[in-house]
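Trainee:
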Amino acid sequence: MKAIFGTTALSLSVLLGTTAFAQDTTFTINSFGGAYETAHRACIITPFEEETGVSVNVVTAYSADAFAQLRAQKDAPQFDVIHFSGGQEIVGAAEGLLAPIDAASLTNAADLYDFAKANLAKGEGPAYSIAAIGLIYNTDAVSPAPTQWADLLNPEYSEHLVLTDISNGYGMLGFLMLNQSQGGDLDNIQPGLDAVAKLLDAGALIVSTSPEIQQEFAQNDAWIAPYASDYAFTLRKAGLPSGFAQGAEGTPASYITANVVAGRPNTDLALKFIDMSISPEAQECFAEALRYSPTNSKAELDAEIAADVAYGEEGVAGLIRFDPAVIEANRAAWVEEWNKTIAR
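All residue numbers for the sequence shown refer to this note's numbering, where the first residue is 16 and numbers rise by one.
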């Protein structure tokens, strides 16, 4: 595996030549700030600029804010490529804000797992990384490692379990998976609420943000928490013994997608940028930097990195995507029921 993304296996200069686009071309994308944006620049943005000679204007905007901007700019869009992690591409494509993609225009599309390219023709851009939601655990305190979501109800973990509020996107996905493991589904979240009530009565704690999870593991003897795979890596970098396990019942997935904005003059550039995003090299780089799961079947990861992500055919086979449109439609009602449950 290449440790640092340098040049792509298929050079963009071969595809289009660095003189094909004017040096003063304005090419605008969004990224998510912080460590993500740092990795985004190293793995994709800077190599793209070097290959094409085009300067990328990066607007720091999380998915919901980026989508709000996209809607507001409908008649005069400003983004060329827009990135989402909350399923906004489904709505954006339906509203005509995103352009359909011909898979043949992406040289790396053939190597993507099917789920990552399912709706290109509808305008939903490919998933170039996955935030896999599983069980983060203290490797010193929990042995053997947890293997299923039902393990969260193990009495041994009761006073060492950290749940995340469903106002947090990862907390929502973790709750929905717990609900499913208890017999619920998107039409019935009561089994999950009942499980949460039982866990709280037994001593579990609820937090709202990822830094609070780290604080609980560092200071308050937390052993296990349902959360994203990348955070196990974050804890380990902070010197905390942590591992990541995919539950046998399935692994909720937050798709991180790259989408072509409709009505912009830079479609060819947008496709080249997205093609680089779904290349094995870019995805290896993201996995190393942040522990996001690759969607390109040709991405090769070292064993240490692979242990932190959903990797390979077997790893991605267990991925579950709870319908983002259903989540959004029910969010307010679910949060109300959740708040009633945790306030008991």
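Even glycine gets a Cβ: it sits at the ideal position worked out from N, Cα and C. The model shown is predicted, which means the values in this text are computed figures rather than measured ones.
(1) Determine the DSSP secondary structure at ASN45, reduced to helix, strand or coil.
(2) For the ligand ATP, I want to know if ASN169 counts as a neighbour, meaning its beta carbon is within less than 7 Å of at least one of the ligand's heavy atoms.
(3) Count the other CB atoms within 10 Å of the CB of GLN205; is the residue buried (16 or more) or exposed (fewer)?
(4) So the candidates are ASN183, ALA348, ALA87 and GLU52; which of them puts its Cα closest to the Cα of ASN203?
(5) Could you give the distance in angstroms between the alpha-carbon of GLY218 and the alpha-carbon of ILE116?
(6) Measuring only the C-alpha atoms, how far is PHE362 from LEU214?
(7) Once you ignore the five residues that flank ALA79 on each side, which residues in its own chain have a CB closer than 8 Å to its CB?
(8) For LEU112, which of helix, strand or coil comes out of DSSP?
(9) If distances are taken between C-alpha atoms only, which option among ASN153, ALA160 and GLY254 comes closest to VAL177?
(10) Going by DSSP, name the residue or residues bridged to ASN72.
(11) Which class does ALA263 belong to by DSSP, given the choice of helix, strand or coil?
(12) How many angstroms separate the CA atom of PHE36 from the CA atom of GLU66?
(13) Alpha carbon to alpha carbon, how far is VAL71 from GLY48? Give it in angstroms, no decimals.
(14) In the structure shown, what three-state DSSP assignment does ILE357 receive?
Mentor: Inspection of the coordinates gives the following:
(1) It is a strand residue.
(2) In the structure on display, the ligand ATP does not appear, and there are no ligands present to speak of.
(3) Only exposed fits GLN205, as fewer than 16 other CB atoms lie within 10 angstroms of its CB.
(4) Considering only alpha carbons, the answer is ALA348.
(5) If I take the Cα positions, the gap works out to 49 Å.
(6) For residue 362 there is no data in the structure shown, the boundaries of the chain being 16 and 359.
(7) Taking ALA79 as the centre and dropping the five residues before and after it, the same chain places the C-beta of GLY101 and GLN103 closer than 8 Å to its C-beta, in chain order.
(8) Coil, per DSSP.
(9) The shortest C-alpha to C-alpha distance from VAL177 to any of ASN153, ALA160 and GLY254 is the one to ASN153.
(10) THR43.
(11) Here ALA263 carries a coil assignment [DSSP, helix/strand/coil].
(12) Low per-residue confidence applies at PHE36: pLDDT is 49, beneath 50, and the placement is therefore not dependable enough to give any value.
(13) Rounded to the nearest whole angstrom, the CA to CA distance from GLY48 to VAL71 is 15 Å.
(14) If DSSP states are grouped into helix, strand and coil, ILE357 belongs with the helices.
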